[in-house]
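Under the numbering used here, read the sequence shown as residues 4 to 104, first letter to last. C-beta atoms are modelled at their ideal positions from N, C-alpha and C, and glycine is treated no differently.
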Amino acid sequence: MFVLLKGRSVKEALLIGQEIASVISSMNPYPVALKMEKVYHPCFLLTKKRYVGYSYESPAQTEPSFDAKGIETVRRDGCGVVSKTLEQSLRLYFEQQDISK
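Okay, here's the thing in structure tokens:
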């Protein structure tokens, strides 16, 4: 499940996500528990099961990790140059936030 938290920093989003997970988990019987996994900033949500972004897993993490699911950068049924070019383009956009480059 993705939750949009406009105007929040990565650390704030991680803390809010952990709070949401603990409240939801307390409403369900044991052993059902919701786990807060990651915060994506920035990211593109394309369709169900298709997204890409820089992910953070803890408030102490300073360098994001590139995380892609279901798009051409991780699929093996396409051309390698397409995968590498798309990943480089996405990384450049995420770091610069400037589409002209």
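CB-CB length for M37 against S28, believed under 8 Å: Reading the sequence shown from its first residue, position 34 is the one you call residue 37. Reading the sequence shown from its first residue, position 25 is the one you call residue 28. The amino acid occupying residue 37 in the given sequence is Leu; Met does not appear at that position. About 5 Å; that satisfies the 8 Å criterion.
Mapping the DSSP letters down to three states, classify L7 as helix, strand or coil.
By one-based count along the sequence shown, residue 7 stands at place 4. If DSSP states are grouped into helix, strand and coil, L7 belongs with coil.
message = Taking contact to mean 3 or more Cβ pairs, one atom from each stretch, closer than 8 Å, check whether the stretch 43 to 54 and the stretch 71 to 80 are in contact.
response = Cβ pair count under 8 Å is three or more, so yes.
M4 beta carbon less than 8 Å from that of Q21:
Working through the sequence shown from its first residue, we reach residue 21 at position 18. Working through the sequence shown from its first residue, we reach residue 4 at position 1. With respect to the 8 Å criterion, Q21 and M4 are not classified as neighbours on the basis of their beta carbons.
Q | Simplified DSSP state of L48, which is helix, strand or coil | A | Numbered from 1 along the sequence shown, position 45 holds the residue referred to as residue 48. Strand, per DSSP.
Could you tell me the distance, in whole angstroms, from the CA atom of I23 to the CA atom of P67?
-> As a position in the sequence shown, residue 23 is number 20, starting the count at 1. As a position in the sequence shown, residue 67 is number 64, starting the count at 1. Annotation: I23 to P67 spans about 22 Å, alpha carbon to alpha carbon.
task: With hydrogens ignored, establish whether the beta-carbon of G73 is closer than 7 Å to any heavy atom of the ligand MN.
output: This structure lacks the ligand MN; in fact it carries no ligand of any kind.
By DSSP, does K87 sit in helix, in strand, or in coil?
Here residue 87 corresponds to residue number 84 of the sequence shown, with the count starting at 1. Three-state result, K87: helix.
Mind checking L93: buried by the 16 CB within 10 Å criterion, or exposed? As a first step, residue 93 is located in the sequence shown; it is residue number 90 there, counting from the start. By the 10 Å Cβ count, L93 comes out buried.
Practice problem: Use the C-beta contact count for K87: other C-beta atoms within 10 angstroms, 16 or more gives buried, fewer gives exposed. | Solution: One-based indexing of the sequence shown puts residue 87 at position 84. With fewer than 16 other Cβ atoms inside 10 Å of its own Cβ, K87 counts as exposed.
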